[in-house]
Amino acid sequence: MARRDGVITLSTEPRKLTFEIFRYNPEDPQSAPHTDTFELDETPFMTLYIALNQIRETFDPGLQFDFACRSAICGSCGMMVNGRPALACRTLTGDLPENIQLYPLPAFKLVGDLSVDTGTWFREMSERTEAWIHERQPFDEGATEERMSDELADAIYENDRCIECGCCVASCGVANLDDAFLAGAGLNRVARFMLDPRDTRSDADWFDIVAGEQGVFGCLGMMACADVCPKELPLLDVYAYLRRKTLGARFVSEDDKKT
Amino acid sequence: MTQPAVSSAKRQLTHEIISGGSGLLLALFMWGHVILVGSILTGERGFDWVATMLEDYYIAQPAILAIFALFVIHAVYAARKVPAQLEERRRLQSLAKGLRNSGREHVPTRTKHSPFRPHLESMLWIWQVRTGFIILVLGSFHLVLIGIDIFTPLYGDITGLESISSTARVAAGLWIPYAVLLLCVEFHASVGLYRLAIKWGADLWLSRAAMHRIEQVIFWVVLAVGALTLVVLAGWVDPPLAFLLDGGGA
Amino acid sequence: MSGRLVTTDVLVIGGGLAGERCAIEAAAAGHDTLILSLVPPRRSHSCAAQGGMQAALASCAKAEGDSPLVHFLDTVRGSDWGADQEVANIFAKEAIVAVRELAHYGVPWTRVKGGKNHYFIKGDEVEIDEALENDGLITHRDFGGTAKWRACYAAAGTGHAALYAVDSEVVRLGITVRDRTEAVALVHDGSRCLGAVVRCLRTGSHFVVLAKATVIATGGYGRIYGQYTSNATINEGMGASIALDTGVVPLGNMEAVQFHPTTLVPSGILVTEGCRGDGGYLLDNNLERFMVKAEPEKQELASRDVVSRHMVQAIRDGTGVDSPYGPHLWLDIRHLGEEHLRTKLLEVWDICRDFVGRNPAEELIPVRPTQHYSMGGVRVNKDGQAYGLAGLFAVGEAACWDMHGFNRLGGNSLSETIVTGRLVGRRVAEFADGITLSADTSIGFDALAAAERRAEDWLTRTGNSRSIYDLRDAMGDIMMHKVGIFRNGEELAEAVEELGQLLDESDSAVLRCKDPGVNPELAFALRLKGMLRLAMTVAKGALARTESRGAHFRSDYPLRNDRDWLNRTLVRWGLDDGEPEFTYEPTGLIDLPPGYRGYGADERIEMTESLDDHNARVVDEQRRHGRLETTEDMGSRLDRDAWRAVTG
Ligand SMILES: Cc1cc2nc3c(=O)[nH]c(=O)nc-3n(C[C@H](O)[C@H](O)[C@H](O)COP(=O)(O)OP(=O)(O)OC[C@H]3O[C@@H](n4cnc5c(N)ncnc54)[C@H](O)[C@@H]3O)c2cc1C
Ligand code: HEM
Ligand code: HEM
Ligand code: SF4
Ligand code: F3S
Ligand code: FES
């Protein structure tokens, strides 16, 4: 098919793709969880974004799924593609076998069919980890920006790249059993702010969040998060860093007040 | 639901250190164990010499107690992380299976953070739990057996650990549980060490792919030595390293 | 009625950069603030902007001598004198503060590295010494149409980093965000906006939000070009649409639509200009470089609009490459070599791999020009206050504040979002301070009932019809092919005609899905008419504007006409009115006289009126067109003649 020898010939014999798609509309009392099957002729450059829209527009106008940017940037379209969380918009059908199974991301609340509520999960995570800069001073309109080395800016950006797609959460066994577990996205966010010198929280301040029950020690090292992250964030490096930081903070800090 | 009391966070850290640390010690011990029991490869003389040394200098007695304690501690602390409910375990398993199977066709990633292979580690974790339970059963049995061997001399009976009795019971059928235990332990320990290394030092030392390869090499090498030891104990093969001890004399 | 009525001080419709920045200002002033968004805010299209954000911080070597004044000049020239110059001036000054404030919120801006640096300039590697005293300041990169390097950026994810930082501030302030909600109508009494009717995209139910002040921050309307857009699927222009529906709020310059030459087929994802900058070619179906014939001088490196026009011409001439997604052309960067592609053009490399499964070092990339930015939108005064309805504000791409005129410069729209967010947010807060929430909820419930009726109507209608998706595709084709890059009277008239038919059809179209809940087909159906109406205002506006200005190019009127068309199109069109009503207001007070942009054609029809005469009538005329009074007098923030200091 579109997988492409020759520069110009886009397609030879188109494949017939079979989609097995999870269906359930919680708003409809008649609806019960099941799967529906659809068949589609593969076209060149077909992605799951194209395929799903075709299915909705030609076969089943009630099919629910989420896309926004359709360019792997906004994180809307995570779903289980043949058992693995992936961004549907950038998944080429040409990379998949003829039988394609699509399920909603587990670990999140189902909105309907392939659509899940990641927004609530991420907002709650942000609130819990207080994922914002805890700054020293209010903003001074007249002042030049605080300086920062380009290397540090780069390092922060590296952690800031997470698009909150939820793939890491969905792939993680722990997060699937405990909705409060911070998982890759949450721990990565924590590390991002720890790294940022503009944030004045000390390691001891972070201790409870990082080491708490839902923090890095909830992680069993299953490593799925790092394997499925579409932005290929170095999540495992982040956990290792957090674990050691915690160890340091535990034995350095005298912060026993709250016990 | 989440009121992270400081004590809770500290407790988490302590638990992690206990379960990881006990695992690490046990794994290191098992390498030593391979070498010690592997002394049978040099023949019965070698084995008996090692056993006698350990017993005579009172190394074996406290060691087995310490190992037994570690064993129990590790089992208790590590098992805490195993989901209690069957339904939860099923969910985990189907998730891990899906991840393992899908990776065969669809591997969209390409950098050092994500090795170019199906995702295995979730399934490996489940196998760690399974092997852990097998180890718990067979290992306890083994430790009791060996414990009896080691402690009887203290009550006057002269026979402690001895190649004659060891080989005899292995040949008589104990090789079956030992083979299972060996496989489980080596798998569990090598994967455990790999996981431990990633957990604490993923960004420090070697890439994950490299660590994974090292893990596999360790697994196969130790398994091979262990297996050879076992067949020698069972008497199916002559000690291959016997020349080491014989050589000087002959 | 509980759950069906929500009250708040400030309602912000849209959780992109503009909406959230505005909400922060209102909430910081102590107002109860509610943000609505189709998607979790961080998924708004602002996150897709990669390039940069213009602000004249002048901190790197190639930005030396830059100032808000130079930025102002670039912006006005870029707009082809379609911009409101006072607004452009406010913008250029405030951009500096707004960008620094983002640093305060945590954006990891790329910084100046003192000492020797290597840059790529027009394909050549050059070494530039950055002053050590600038080390660690926010640095700049080069963008088209600017005299200096001015675009501040955070690696390859400026919009993403900015949106995340701003949203974290929203979380910090505890501002309520209701994602998966859609404003489907404004609540108003003809002179004051009282809030909006909202459809919940989780349950499909409607509720009404009553607010002291309402802000539209819904982004662009690129999706009226169907699949031919670089915009996200959620950029359907609903904010502009619900404002238009009121009949009292005008939209400004809807025909001002920007296109980008190389977006990926079929998805429309942007492929950076850097490909051509570094030596990439465009090929037709015979694998010939048609740009060599068309523009012997500049070839592929002619300006965006020129290249787009030639590409469309090639497709019309039948030398496009057929595909199931319509004709396209090829972008050829194979000769640049894998090494170059995997370093200097890594994002392109990834995009090709991810979205068309092609290796650009060995294979051709399918591209075509598409819609990229909406200069038009809800017409507001310099305070961001919509014309015609007190209490309604608009910010960001959804608004026509009007600093972009007929052509927006790259990097100016991201800064616009935060500049207007700050500035208008303050005005919103002041406005909300001054009034109390009306106790009369009946207007709100009437509007709610009307919205529910519209939805019900779709669900009960039976019979046979074209699918609403067909109608959408037909709209996209009409817009791209007849109201696109090249425009002419004949085709525009056809477009108006055909869009009219689609509008009629949409009134009797039938849904195939009647499921309760969100019902994605219904959700789209509810937008379809609004999108068609917006498309109509674009087509009609373009038909009426018999000149070429910025991105609006009429092949039958190829010159810019400052004599007759130095004005802004305003269109009003109540939901139940027959025809849209077009009027034209003066662009604004003019400080920099219309002239040559410095690029493109230097021919135009000159203004005949004197600047003084022109300026003398602006204030009153705009007021007559519905502009509400501003906090400070019009023109108070125009630094008259200051530009003379920087032009030679
Ligand atoms: C591919 C691409 C690259 C770009 N790159 C750059 C660049 O490098 N530099 C630059 O300056 N500009 C760039 N732009 C333009 C710039 O990104 C946008 O103009 C800007 O982000 C718009 O921000 P906004 O806040 O106005 O709207 P958006 O970010 O689009 O946000 C709109 C919000 O409104 C919500 N919404 C919409 N309708 C409704 C409704 N009916 N009810 C409730 N909520 C609603 C949406 O959910 C969303 O939250 C680029 C644009 C594109 C398409
Ligand atoms: C000789 C015996 C054993 C050895 C050498 C051993 C070794 C290890 C090691 C090195 C780890 C990794 C620790 C970590 O990742 O933090 C580990 C983890 C684990 N072990 Fe064992 N172990 C042994 C026995 C057992 C037993 C009897 C059980 C009983 C159930 C068990 C269950 C587990 C579990 C569930 C984990 C995963 C814990 C986690 O991920 O944190 N192990 N083991
Ligand atoms: C101090 C503690 C230990 C001592 C002294 C000890 C000693 C021995 C001895 C003497 C044998 C030879 C067979 C026999 O005599 O039955 C043996 C074999 C074996 N032991 Fe242990 N053991 C100890 C702990 C453990 C533990 C904790 C495990 C794993 C849970 C283990 C796993 C095995 C296995 C798998 C074999 C089979 C032989 C092989 O192939 O290596 N042992 N051990
Ligand atoms: S860490 Fe990766 S997988 Fe997880 S939400 Fe962020 S981008 Fe997605
Ligand atoms: S998958 Fe889960 S267990 Fe840890 S390594 Fe990743 S968070
Ligand atoms: S739609 Fe935005 S990431 Fe896929």
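Chains as they are written, first to last, in our numbering: chain A, 1 to 259; chain B, 260 to 509; chain C, 510 to 1157. All C-beta atoms, glycine included, are put in the ideal place defined by N, C-alpha and C. These numbers come from a predicted model, not from an experiment.
Taking only three categories from DSSP, how would you classify residue i?
i	result
C/Pro-1029	helix
C/Trp-618	coil
B/Trp-308	helix
C/Gly-1009	helix
A/Val-228	helix
A/Pro-61	coil
C/Phe-451	The structure shown does not extend to residue 451 of chain C, since chain C is modelled only from 510 to 1157, so the question has no answer here.
C/Leu-1120	helix
C/His-697	strand
A/Thr-35	strand
A/Asp-41	strand
C/Ser-546	strand
A/Tyr-24	coil
A/Ser-115	strand
C/Asp-982	helix
State the Cα-Cα distance for the pair residue i and residue j, rounded to the nearest angstrom.
i	j	result
C/Gly-788	A/Val-238	39 Å
A/Thr-93	C/Arg-862	13 Å
C/Phe-864	A/Asn-53	16 Å
C/His-844	C/Ile-1099	48 Å
C/Val-519	C/Arg-970	37 Å
C/Ala-1110	C/His-1061	14 Å
C/Arg-919	B/Ala-456	Rather than Arg, the amino acid found at residue 919 of chain C in this sequence is Gly. Straight-line Cα distance between these residues: approximately 47 Å.
B/Thr-370	B/Ala-468	Any reading at B/Thr-370 must be qualified, since the residue scores a pLDDT of 41, below 50, and its modelled position is unreliable; the value itself is stated next. Straight-line Cα distance between these residues: approximately 11 Å.
B/Val-450	B/Ser-381	11 Å
A/Glu-148	B/Trp-464	Residue 148 of chain A is actually Met in this sequence, not Glu. Taking the straight line from one Cα to the other gives about 28 Å.
If I follow the unbroken alpha helix (DSSP H) through residue i, where does it start and stop?
i	result
C/Thr-584	577 to 587
A/Glu-309	Outside the shown range of chain A (1 to 259) lies residue 309 of chain A, about which nothing can therefore be said.
A/Asn-159	150 to 160
C/Glu-847	846 to 852
A/Gln-54	48 to 54
B/Pro-436	434 to 460
On the DSSP letters alone, give me the boundaries of the beta strand (DSSP E) that residue i sits inside.
i	result
C/Leu-1079	1076 to 1081
C/Ile-1202	This structure gives no information on residue 1202 of chain C, because the portion of chain C shown stretches from 510 to 1157.
C/Trp-839	838 to 841
B/Arg-350	Note, B/Arg-350: premise wrong, no beta strand (DSSP E); alpha helix (DSSP H) at 345 to 361.
A/Lys-109	109 to 112
A/Met-79	78 to 81
C/Ala-1095	One detail in the question is off: residue 1095 of chain C reads as Pro in this sequence, not Ala. First-last of the beta strand (DSSP E) with C/Pro-1095: 1090 to 1095.
C/Ala-687	Per the sequence presented here, residue 687 of chain C reads as Arg, with Ala not at that position. Run containing C/Arg-687: 685 to 688, per the beta strand (DSSP E) assignment.
Rounded to the nearest angstrom, how far is the Cβ of residue i from that of residue j, given a contact under 8 Å?
i	j	result
C/Ala-903	C/Ile-733	That pair is no contact at about 18 Å.
C/Gly-591	C/Arg-1058	6 Å
A/Gly-186	A/Thr-246	Not confirmed; about 15 Å, so no contact.
A/Ala-224	A/Asp-179	No, A/Ala-224 and A/Asp-179 are not in contact; Cβ-Cβ is about 17 Å, not under 8 Å.
Considering only heavy atoms of ligand 7, does any lie closer than 7 Å to the CB of residue i?
i	result
B/Ser-425	As far as ligands go, the structure on display features ligand 1, ligand 2, ligand 3, ligand 4, ligand 5 and ligand 6 and does not contain ligand 7.
Would you be able to state if there are at least three C-beta pairs under 8 Å between the region 162 to 179 of chain A and the region 66 to 76 of chain A? yes
At least three beta-carbon pairs within less than 8 Å, the region 193 to 210 of chain A to the region 221 to 232 of chain A: Because the criterion of three Cβ pairs below 8 Å is not met, the region 193 to 210 of chain A and the region 221 to 232 of chain A do not touch.
Contact between the region 741 to 752 of chain C and the region 683 to 698 of chain C (3+ Cβ pairs under 8 Å): yes
Is it a yes or a no for the region 84 to 98 of chain A touching the region 575 to 584 of chain C, going by three-plus beta-carbon pairs under 8 Å? no
Are the region 943 to 950 of chain C and the region 620 to 637 of chain C in contact at 8 Å, needing three or more beta carbon pairs? no
Take every Cβ of the region 919 to 934 of chain C, pair it with every Cβ of the region 518 to 536 of chain C, and state whether three or more of those distances are shorter than 8 Å. yes
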